[in-house]
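Trainee: A single structure is presented below for examination.
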Ligand code: ADP
Ligand code: MG
Ligand code: MG
């Protein structure tokens, strides 16, 4: 079943909940290889998003929901992740346009545009130990699942699974972008916080699509 505005709203509400629930864990990850604020940044941003969702008009499209997330994250999150996630949701919004229902292909293009936006802004490549290490395998897995004929929920489940594995795979890496890059080999053995939050957000997308 194609995913409409009710799913988009559920996804974003579930995102806010999961980020709040994992706030301390994200803070700990960022304390290990950054400045310890990632959980706080993301929780502040998504809490602000929650307060604005109810103001959306009844005729809002999934793209309108994503755009509201983008503008709110850009204005409230700060740090590296605010503009990066903000750009991701903004490009995702542009990719789905004014569609009322998203099919598997639209879900793939939403995820691909989000990832491309982050790369455009942050210039990270796979293996740099950033959120891109979760996003890029997620986009690839989503495209593969769609090509196999999976439905939207299946595509998002494949993306979430790949993002979780990608986040885990940042642990042995040396960082080449962001604050963790100042640490050199001392970053080895620690998971990238932005890759972990990406995995949480994509798992929320999959769970709400399957509901
Ligand atoms: P800050 O580093 O400014 O305190 P956050 O702690 O909120 O911001 O976010 C840190 C996360 O941002 C990192 O874990 C990493 O995933 C991501 N990040 C940092 N720089 C880049 C970049 N150039 N490209 C992609 N992601 C990045
Ligand atoms: Mg930080
Ligand atoms: Mg910071």
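Residue numbers (this note's numbering): 1 to 211.
Just so it is clear, CB atoms sit at the ideal spot from N, CA and C, and this is done for glycine as well.
#1: Comparing the CB of residue 37 with every heavy atom of ligand 3, is any distance shorter than 7 Å?
#2: What residues in its chain sit with their C-beta under 6 Å from that of residue 42, if we drop five residues either side in the sequence?
#3: Are the beta-carbon atoms of residue 164 and residue 199 separated by less than 8 Å?
#4: How long is the line joining the alpha carbons of residue 143 and residue 188, rounded to whole angstroms?
#5: What first and last residue would you give for the alpha helix (DSSP H) that runs through residue 33?
#6: Based on Cα-Cα distance, which residue from 50, 25, 51 lies nearest to residue 39?
#7: Should residue 51 go down as buried or exposed, given a rule of 16 or more other Cβ atoms within 10 Å for buried?
#8: To the nearest angstrom, how far is it from the Cα of residue 10 to the Cα of residue 34?
#9: What are the start and end residues of the alpha helix (DSSP H) that includes residue 56?
#10: Could you give the residue range of the alpha helix (DSSP H) that holds residue 150?
#11: What does DSSP give as the partner residues of residue 183 in its beta bridges?
#12: Measuring CA to CA, which of 65, 93, 117, 102 is closest to residue 46?
#13: Indicate the three-state DSSP secondary structure (helix, strand or coil) for residue 102 in the structure shown.
Mentor: Straight from the coordinates:
#1: Mapped onto the chain shown, residue 37 falls at position 37. For ligand 3, a non-hydrogen atom lies closer than 7 Å to the CB of residue 37.
#2: Translated into the one-based positions of the chain shown, residue 42 becomes position 42. Hits under 6 Å: 19, 197.
#3: Stepping through the chain shown from its first residue, residue 164 is reached at position 164. Stepping through the chain shown from its first residue, residue 199 is reached at position 199. Yes, they are a contact pair.
#4: Numbered from 1 along the chain shown, position 143 holds the residue referred to as residue 143. Numbered from 1 along the chain shown, position 188 holds the residue referred to as residue 188. A straight-line Cα-Cα distance of about 30 Å links residue 143 and residue 188.
#5: Start at 1 with the first residue of the chain shown, and residue 33 comes out as number 33. It spans 23-33 - the alpha helix (DSSP H) in which residue 33 sits, taken as one unbroken run.
#6: Taking the first residue of the chain shown as position 1, residue 39 is located at position 39. Considering only alpha carbons, the answer is 25.
#7: Walking along the chain shown from the start, residue 51 turns up at place 51. Under this definition residue 51 is an exposed residue.
#8: On the chain shown, residue 10 is found 10 positions in, with the first residue counted as 1. On the chain shown, residue 34 is found 34 positions in, with the first residue counted as 1. Here the alpha carbon of residue 10 sits roughly 31 Å from the alpha carbon of residue 34.
#9: Within the chain shown, numbered from 1, the residue matching residue 56 stands at position 56. Counting along the chain, residue 56 sits inside no alpha helix (DSSP H), nor does DSSP assign it H or E at all.
#10: Here residue 150 refers to the residue found at position 150 of the chain shown. Boundaries for residue 150: no alpha helix (DSSP H) harbours it, and the DSSP string shows neither H nor E there.
#11: Position 183 of the chain shown holds residue 183. Residue 183 pairs with nothing; no bridge assigned.
#12: Walking along the chain shown from the start, residue 46 turns up at place 46. Per the Cα distances, 65.
#13: The sequence position of residue 102 within the chain shown is 102, counting from 1. DSSP places residue 102 in strand when its eight states are reduced to three.
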